[in-house]
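Engineer: Positions 994 to 1287 (the working numbering) are the ones given, in order, by the sequence shown. If you scroll down you'll find the structure; I have some questions about it.
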Amino acid sequence: MPLKVSAHIQTRVAAGEISPAEAERFTAFVASCNRDLMTHPVITDNRFCQWFATGQADRDIVRHFVVQFSVFSNLFLIAQLQKCINAGSLEGMRASKEILANEIGVIFNKPGVASLGEVSDTDREGDPAIVSTEGTVDGGTFRFKAAHFEWLLRLGEVLGLGFNDMGKRRHGTPSTLFFCDQLASIYGNEDPNIAEGASFAVENWAAAGFWKQLVAGLEAFKKRECPALPLAFFTWHDRIEEQHAGHVMDELEELYFGPDFDEAKFITGGRRMLDGVQAFWTGLNEHRIAAAYN
Ligand SMILES: [Fe+2]
């Protein structure tokens, strides 16, 4: 789905915050993003996810997929820390820390909910089936069990995968490692324009619906042969992505009119990052095709 400039921009023009020429420049930039980023095959035509969603993956394919995903999930922490260190502003650093801290187990603090008598006990100690997807890590509670990697470990356990079978560099295929290394070098780049382009690309890749495709495939597998499989790692990420997709344009607007924005670097970072993401899925797709012929 192409990106659309929100009506909000005209309100800003009317309020004299930005000039009509600036608004036009931004609209042209969004068109470049649509042309140069949103048409990338990893967004428009993710073969592995399309196939996976049909529910045909057997136990071996699901296991391989979970191991590769666990490597990405763990090594992503390095990229996120780099992004944090290299942030171009204090707000940027804090936004990165929200993701990093939540990833390792800080549950989002959502004031008011507990008092309304809904779930809590800090979202049942971090159970992804109920843990919050909104709020901030500031004032949030840390629970080991709320680390996203631990959610994956519990899923792996049901598939016979132990702690030392998941999440390490040595478990990654060359294409998974290429993706993880590209994340650290582009998403975590020292130049905030490159990093922001990569971040924008990653968000749009995620918003294109791959979580839903993974959930659909895993649900089919669970129903068919693995009833105990906990899917909350995937459903939680799908939930958070759904909310986040709505903010992507606002964030882009803010960045664009902020200090030192560089269009060319942003697009370059985005494109290179999408190529990295593509490598990950192509690796998984080639593995499942090869497995079908063995
Ligand atoms: Fe996560």
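Don't be surprised by glycine CBs; every beta carbon is placed ideally from N, CA and C. The model shown is predicted, which means the values in this text are computed figures rather than measured ones.
Does the distance between the C-beta of H1141 and the nearest non-hydrogen atom of ligand 1 fall short of 7 Å?
Structural biologist: yes
Engineer: By the 10 Å Cβ neighbour count, where 16 or more other Cβ atoms means buried, how is F1137 classified, buried or exposed?
Structural biologist: It counts as exposed.
Engineer: Just to confirm, is the Cβ distance from E1189 to F1250 under 8 Å?
Structural biologist: no
Engineer: Would you check if there are 3 or more beta carbon pairs closer than 8 Å linking the stretch 1201-1218 to the stretch 1230-1237?
Structural biologist: Touching, yes.
Engineer: Does DSSP put D1131 in a helix, a strand or coil?
Structural biologist: Per DSSP, reduced to three states, the secondary structure at D1131 is strand.
Engineer: With 16 as the cutoff for other CB atoms within 10 Å, does A1199 come out buried or exposed?
Structural biologist: buried
Engineer: Compute every distance between the C-beta of H1230 and the non-hydrogen atoms of ligand 1, then say whether any falls below 7 Å.
Structural biologist: yes
Engineer: So F1058 and A1050 are supposed to be a Cβ contact under 8 Å. How far apart are they, rounded?
Structural biologist: 7 Å
Engineer: Would DSSP call N1289 helix, strand or coil?
Structural biologist: No statement about residue 1289 is possible, as the shown extent of the chain runs from 994 to 1287 and does not include it.
Engineer: Over what stretch of residues does the alpha helix (DSSP H) that includes T1169 continue unbroken?
Structural biologist: 1167-1175
Engineer: Under 8 Å by Cβ, that's how I've got F1273 and F1203 pegged, so tell me the actual separation to the nearest angstrom.
Structural biologist: Actually they do not touch by this definition, with Cβ atoms about 11 Å apart.
Engineer: I need the boundaries of the alpha helix (DSSP H) containing K1090, first residue and last residue.
Structural biologist: 1083-1097
Engineer: Exposed or buried, which one is Y1286 when buried takes at least 16 other CB atoms within 10 Å?
Structural biologist: exposed
Engineer: The alpha helix (DSSP H) that contains S1066, what's its start and end?
Structural biologist: 1052-1078
Engineer: Mind checking D1120: buried by the 16 CB within 10 Å criterion, or exposed?
Structural biologist: buried
Engineer: Let me make sure I understand the geometry here. Which of R1052, L1030, N1079, S1089 has the alpha-carbon closest to that of C1219?
Structural biologist: R1052
Engineer: Below 8 Å on the Cβ atoms is my guess for T1129 versus N1102; work out the distance and round it to an integer in Å.
Structural biologist: 6 Å
Engineer: Comparing the CB of E1017 with every heavy atom of ligand 1, is any distance shorter than 7 Å?
Structural biologist: no
Engineer: With a 10 Å radius around its C-beta and 16 neighbouring C-beta atoms as the bar for buried, classify H1001 as buried or exposed.
Structural biologist: exposed
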